[in-house]
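Undergrad: Residue numbers (my numbering): 17 to 171.
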Amino acid sequence: MAYRISGLAPETFQALFAYDDTQLAALDIRRLTAADSHGYPCRVSLQDAQQGETLLLLPYEHHAVAGPYRASGPIYVRENAHAAAVFEDSVPPFLHRRLMSARAYDTEGWMHAAEVVEGSALEACITNLLALPQVDYLHLHNARPGCYSCRVDRC
Numbered sequence: 017m018a019y020r021i022s023g024l025a026p027e028t029f030q031a032l033f034a035y036d037d038t039q040l041a042a043l044d045i046r047r048l049t050a051a052d053s054h055g056y057p058c059r060v061s062l063q064d065a066q067q068g069e070t071l072l073l074l075p076y077e078h079h080a081v082a083g084p085y086r087a088s089g090p091i092y093v094r095e096n097a098h099a100a101a102v103f104e105d106s107v108p109p110f111l112h113r114r115l116m117s118a119r120a121y122d123t124e125g126w127m128h129a130a131e132v133v134e135g136s137a138l139e140a141c142i143t144n145l146l147a148l149p150q151v152d153y154l155h156l157h158n159a160r161p162g163c164y165s166c167r168v169d170r171c
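1) Which runs of the beta strand (DSSP E) at least 3 residues long sit entirely within the stretch 102 to 160? Give them in chain order.
2) Within the same chain, show all residues whose beta-carbon is closer than 7 Å to that of A120, passing over the 5 residues directly before and after it, in chain order.
3) Secondary structure at A34, three-state DSSP: helix, strand or coil?
4) Can you tell me whether M116 is buried or exposed? The criterion is at least 16 other CB atoms within 10 Å of its CB, across all chains shown.
5) For D122, collect the residues of the same chain with a Cβ closer than 8 Å to its Cβ; drop the 5 residues on either side in sequence, then sort them by chain order.
6) Name the DSSP bridge partner or partners of S22?
7) Would you please state the rounded distance, in angstroms, between the beta carbons of Y35 and D105? I believe it to be under 8 Å.
8) Hey, how far is the Cα of A101 from the Cα of L24?
9) Here's a check: name, in chain order, each residue in its chain whose Cβ is nearer than 8 Å to the Cβ of Q67, leaving out the five neighbours to either side.
10) According to DSSP, what are the bridge partners of L48?
11) Can you tell me whether DSSP reads E95 as helix, strand or coil?
12) Given this structure, state the Cα-to-Cα distance separating L74 from A42, to the nearest angstrom.
13) Would you tell me roughly how many angstroms separate the C-alpha atoms of D37 and A140, rounded to the nearest one?
14) Give the single residue among L138, A159, G162 whose Cα lies nearest to the Cα of V168.
15) Identify, in the order they occur along the chain, each residue of the same chain with its Cβ nearer than 7 Å to the Cβ of I91, setting aside the five sequence neighbours on each side.
16) For A41, name the three-state secondary structure that DSSP assigns.
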């Protein structure tokens with residue numbers, strides 16, 4: 017099953033980096049510096065920020081559907097993330113070392129299946145979930161903190 021994993025559009029976030037900390041706080045956003053090179057996964061570039069990089073930690077509505085599965089949560093965005101990453105039939109390397117939750121939805125945003133797998137088993141999980149006839153797309157989340165990571169679509 018051919019699939020595409022996509023990062024978020026950087027245009028959605030770039031103007032926020034010009035805000036001062038007071039303006040960001042009013043929007044429930046925090047500016048921070050990556051303390052190390054793991055643990056700050058950018059939802060645009062689909063890679064971990066490097067130590068010393070500037071990021072925003074912000075609330076993001078990742079599943080804007082009408083119904084009970086509408087969802088939002090915290091995400092990181094790197095200041096230097098200027099293009100949305102796209103991975104065709106492969107999983108971004110930063111996901112391989114995380115415990116992941118895969119949630120499978122139909123075209124109307126109703127969940128039909130969900131799995132929790134080690135990142136090293138994510139490719140097989142994606143293929144299995146997308147093989148279900150009622151499933152249109154997946155959302156991947158970091159299973160422990162529950163943060164949205166990225167979307168998976170059939171190609």
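We put the CB at the ideal spot given by N, CA and C, even for glycine.
TA: Looking at the coordinates:
1) 102 to 104, 115 to 121, 127 to 134, 153 to 158
2) M127, H128, A129, A130, L145, L148, V151, L154
3) helix
4) buried
5) H128, Q150, V151, D152
6) V102, R167
7) Actually they do not touch by this definition, with Cβ atoms about 38 Å apart.
8) 8 Å
9) A50, A51, D52, S53
10) L71
11) coil
12) 11 Å
13) 42 Å
14) L138
15) R59, L74, Y76, C163, Y164
16) helix
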